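Here is the structure we will look at, set down as structure tokens.
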Amino acid sequence: MRNFFHCTLLLVAFTFSCTAQEADSVKNVSTDTLRRWYSGNLMPKQKFKPVAFIVPVVLAGYGFAAVYDHGALKQLDVSTKAELQEDHPLFAAHVDDYIQFAPAAAVYALNLSGIKGKHNLFDASMLYATSAAIMGVSTHFVKQGVGRERPNGNGENSFPSGHTASAFMAAEFLHQEYKDVNPWIGYAGYFVATATGTLRMYNNKHWFSDVVAGAGFGIASTKISYLVYPYIKSLFTTKKEGNFTLMPFHQPGNTGLMFSGRF
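Residues -22 to -1, 1 to 241 (mature numbering (1 follows the signal peptide of the UniProt record, and there is no 0)) make up the sequence shown, in order.
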């Protein structure tokens, strides 16, 4: 079991390093602007920060390296499977089919209980849907392109783990919504996501590197959605603010009021 526990701890370490990224902040924002953000009329646009994608890129990169490796990384996948099957040959639990959604469900439960996150429920739902679309499309095409056989021999769509990607996508969603409220809420989501990935290996559905890569795909999908959704929403927002000025003027033979504005 030593190899398995070492691998699981490595996955946990990568996950928690993701939450240590610099938090996004909005400075010098008026109370009225904040009110309009949360009423759905405006959304702050986030700047792309390459450092925020280091962890998911490393996780996904490790997975790709293991797929085509014939040395230590390949051996780690094989030995992890062997250890798990030797210790738990009859293990079969399908709780991973459900707990992958638990972090996302927590966002709705917290909102409904009065603990508000970064966005209102409509925007949060759209962000989650955008993340799911990015994750689903990316993992589908990679699965088809790589064609890796599952450890149990049941199919050639093992890489990356879709369940793990879904779980970490939801965990990052929970983290993004509540990191400014209580960071421990986000950490709980990562624990659940890590448990999902571990169960996929116990059920002999995925190799260790499938799970690691799935975590990277999931985290990256949510981060991308938080970057692109404000721009998507702005395309469908018809309400625009205008700046107007009313000022008196006087010139020879003419006096009155001058009205100028930007619509």
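C-beta atoms are modelled at their ideal positions from N, C-alpha and C, and glycine is treated no differently. Treat the numbers as computed from the prediction; the structure is a model and nothing was measured.
Using the rule of at least 16 other Cβ atoms within 10 Å of the residue's Cβ for burial, across every protein chain shown, is A60 buried or exposed?
exposed
Straight-line CA distance for A102 to Q53?
41 Å
Give the single residue among W162, Q154 and K96 whose Cα lies nearest to the Cα of S199.
Q154
Residue nearest to Y156 in terms of C-alpha spacing, selected from T142, A87, L37 and A70:
A87
Evaluate I93 with the Cβ neighbour count: other Cβ atoms within 10 Å of its Cβ, from every protein chain shown; 16 or more gives buried, anything less gives exposed.
exposed
On a CA-only basis, which of Q78, S136 and I32 is nearest A110? Give me that one, please.
Q78
Nearest-angstrom Cα distance between Q63 and Y180?
8 Å
Taking a contact to mean a Cβ-Cβ separation below 9 Å, would you say G49 touches F137 in this structure?
no
State the Cα-Cα distance for the pair A44 and G194, rounded to the nearest angstrom.
14 Å
By alpha-carbon positions, which one of P208, T215, T117 and G167 ends up nearest to P97?
Before going on, a small fix: residue 97 reads as His here, not Pro. Nearest option by C-alpha distance: P208.
Rounding to the nearest angstrom, what Cα-Cα distance links residue 243 and A143 in this structure?
Summary: the structure shown does not reach residue 243, with the chain confined to residues -22 through 241, and so no result is reported for it.
Give me the Cα-Cα distance between residue 245 and F100, rounded to the nearest whole angstrom.
Past the boundaries of the shown model lies residue 245; the chain is included only from -22 to 241, so the question cannot be answered.
Do three or more CB pairs link the segment 115 to 126 to the segment 66 to 78 at distances below 8 Å?
no
Under a three-way DSSP split, which group does N89 fall into?
helix
Buried or exposed by the 16-neighbour rule on C-beta atoms within 10 Å, applied to V4:
Since pLDDT at V4 reaches only 35, below the 50 mark, its modelled position is unreliable, and the value read off the structure follows with that caveat. Label assigned to V4: exposed.
Around the Cβ of W162, are there at least 16 other Cβ atoms within 10 angstroms (buried) or fewer (exposed)?
exposed
With H, G and I counted as helix, E and B as strand and the rest as coil, what does DSSP make of Q53?
helix
If you draw a straight line from the alpha carbon of K27 to that of V35, how long is it in whole angstroms?
13 Å
Proximity of A84 and G167 at Cβ, strictly below 9 Å:
yes
My understanding is that V170 touches A191, with C-beta atoms under 8 Å, so please give their C-beta distance in whole angstroms.
Wrong, their Cβ atoms sit about 19 Å apart, outside the cutoff.
Skipping 5 residues on each side, what residues in its chain have a beta carbon closer than 7 Å to that of N89?
G95 and L99
In angstroms, rounded to a whole number, what distance separates the CA positions of H185 and L51?
For clarity, residue 185 is Trp in the given sequence; the question names His instead. Answer to the nearest angstrom: the Cα atoms are 11 Å apart.
Give the range of the alpha helix (DSSP H) segment to which V35 is assigned.
I32 to V45
The alpha helix (DSSP H) enclosing Q122, as first and last residue numbers
L99 to V124
Considering only the alpha carbon of each residue, which of S139, K201, V189 and N160 lies closest to K25?
K201
Name the two residues that bound the continuous alpha helix (DSSP H) containing V189.
F186 to L213
Could you check what DSSP says for F169 in three-state terms: helix, strand or coil?
helix
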